[in-house]
Each structure stands twice: as C-alpha cells, then as structure tokens.
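Read the structure below first, then the notes.
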Amino acid sequence: MGNDIVNNNDFGFFVVGLILTAIFAFMSLFFWWKRKRLRDLRTLTLGRLTFLYLFCLLVALNGLLGSMLVLTDGGRGIWLFLLGIEVVVFMIFSMFLGLVIPLGIVILTVKMWRRETRTVANLLLPIVVLFFLVIDGIFLAMGNLPEHWQWLSVLSWVFPLLSLYLAWQFTVFFLSSWVYGRRTRKLEAAFHVVLGAGLIDGERVGILLGNRIKAAVQAVRDDQTIVVFSGGQGTDEKVSEASAMQKYAHEELGFPSERTLLEEKSRTTYENLVFSSELIKARFLFFTSD
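Residue numbers (my numbering): 126 to 415.
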C-alpha cells in the first residue's frame, strides 16, 4: 500500500509538471508569434519579447525534464546530471554578467579613449560601472560600518533592486540589439547611408567609424548600390566626416568613389537621417554603432 501511495504521488507530480510544461510551452509560442509579428524592430519591445520567449521555453524544457525525472526511476541519474549542467551554466552566466562585463567595459573604454575621439560621453559608461563597484563594496562591508554611517543600511534593499533593474535593462537592450542585427542583415536597398562620428586628429577615421564603413561596404550585393557618407565638419575637425569616410572607403577598402555620395551638412543623428533622405529621396539602409 505504501508503494501505491508513493506511485500515486509520483504520478500526481508528473501530471502537475506536464500541465505547467504545456502552459509555459504555449506562452513561449505566444511570445515567439508576437515577436515575429512585431512591425517596428527598432524598439526595446523586441528584446522584452525575446527574453519572455526564451524564459518560457527554458521553464517548459525544465518542466519536461522534471516530469521525466519523477516518472522514470532508472534514468534519474541522467536527468540529475542534465539539471546539474544547467545550474553550472547559470552560475557561469551570472559570474560573466557581474564580473567579466564590467571589466570588459573598462578595458574597451580605455582602448576607445586611446584610439578614438576623447570626449566625456565616452567615459560615462565606465564612470557608472565604477560607481556601482563602489556601492557594491559599501553594500558588502555594511556590517562593519561605524555607527554614524549606519544610515547607509538603506542600500540593503535599494542596491539589490537597482542591480536587478539594471541587469534587466541590459539584458533587454542586448537581446534587442542582437536580434535586430540578425533580422536586418536580410534587408536590401539601393542606398546605404553611413552615419558619421568624430575624427581622430580632426581628419582620420577611427576604428569604431571604420567598422561602420566596412559593414556598409560588405553589405553591398550588386554594382548599382550607392553608399552615402553622412557627416558635417565639426569645429575641431579639419575636414568633414563625410569626406574622411569616403577617403577611407576608397583607400582602405577599395570601394569606387564614383559610387558614393557625400552629405556634409549634418551635425546630429537626426540631421544625418533628414539630410540623407533629402539627398537621395529613396528607401535606404543606414549603418551606425549599437
């Protein structure tokens, strides 16, 4: 009789797990469908739907795995091994998100500061990362703070919530950028517009801008596509960004100058798009950095 009770309990857990698996599988399909029908891919909604789709799919797969774990006594070792692998992957991902990414941001910023234009805007991200590392240190050392610093205990609930929110926003932005980049690679247009950026020493194209130009040139699939370089001349620049980009494309990438156009009036991203649209008056793809 005892074995019957155990078996009944196992079967009950199996049924509940199967129902939850079906629910999350349906939700996963729903979010996948919503993502496929999304008309404007240039929003963070793309990242949110992708995250919800992947999350529900992961829960559904785990539900199926758990149901099989309950139902099959002989294969429990295999199922537990697979669950263990998943836990390890999750821990590695968490460590990557919390340690490797901040260090990577600092390293890439140093490289950008040395190779690109030196602006305050290029330092904003590492400053924010450094700020959070300091707050993180205070949060971890809170138990050893002197009495007159105990008001910092408010961090015990503010910091975790803020960290969770920023992790969510980072994940959504990353997924939006990643999916958008792969969906738009299939698009074609007669004109490719490259948005300008600050020039090194007022006349040379940096690595960041050079990668934009390479992407636009590599996306050319026929001999009719025209590449439009959009960017005016700043007060600290010797030439316009457009002419510097054209020179880079011709000399470094071998792209023919006769298949390029220059838009040299714009000073902002908005003006890049407006003036380029007025110049070519046709559908175009534009290339920038995410």
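Think of the CB as a built atom: it goes at the ideal place given N, C-alpha and C, for glycine as much as any other residue. Every value quoted in this text rests on a predicted model; they were computed, and no experiment measured them.
Roughly how many angstroms lie between the CA atoms of residue i and residue j, to the nearest whole one?
i: L182; j: M152; result: 8 Å
i: M370; j: W303; result: 26 Å
i: F221; j: Y395; result: 35 Å
i: L291; j: R160; result: 23 Å
i: P381; j: L320; result: 19 Å
i: R375; j: S355; result: The sequence as given places His at residue 375; Arg does not occur at that position. Rounded to whole angstroms, H375 to S355 spans 16 Å at the Cα level.
i: L289; j: L177; result: 16 Å
i: L163; j: Q294; result: 20 Å
i: G359; j: L334; result: 15 Å
i: P251; j: E389; result: 32 Å
i: F206; j: Y373; result: 54 Å
i: G262; j: K406; result: 55 Å
i: L398; j: S301; result: 21 Å
i: L249; j: F256; result: 11 Å
Helix, strand or coil for residue i, going by three-state DSSP, please let me know.
i: V318; result: strand
i: L166; result: coil
i: V330; result: coil
i: V353; result: strand
i: T393; result: coil
i: L249; result: helix
i: L324; result: coil
i: T296; result: helix
i: E376; result: helix
i: T234; result: helix
Here's the rule: buried if 16 or more other CB atoms are within 10 angstroms of the residue's CB, otherwise exposed. What is residue i?
i: V330; result: buried
i: F316; result: buried
i: A147; result: exposed
i: T393; result: exposed
i: R307; result: exposed
i: I338; result: buried
i: M126; result: Since pLDDT at M126 reaches only 45, below the 50 mark, its modelled position is unreliable, and no value is offered.
Please check if any C-beta of chain B sits within less than 7 Å of the C-beta of residue i.
i: Q349; result: Looking at the structure shown, chain B is missing, and only one protein chain is on hand.
- Message: Does the contact criterion of 3 or more C-beta pairs under 8 Å hold for the segment 312–324 versus the segment 359–373?
- Response: yes
- Message: Tell me whether the segment 210–219 and the segment 227–237 touch, counting them as touching only if at least three CB pairs, one residue from each stretch, are closer than 8 Å.
- Response: no
- Message: Below 8 Å, how does it come out for the segment 333–352 and the segment 380–391: are there three or more Cβ pairs, yes or no?
- Response: yes
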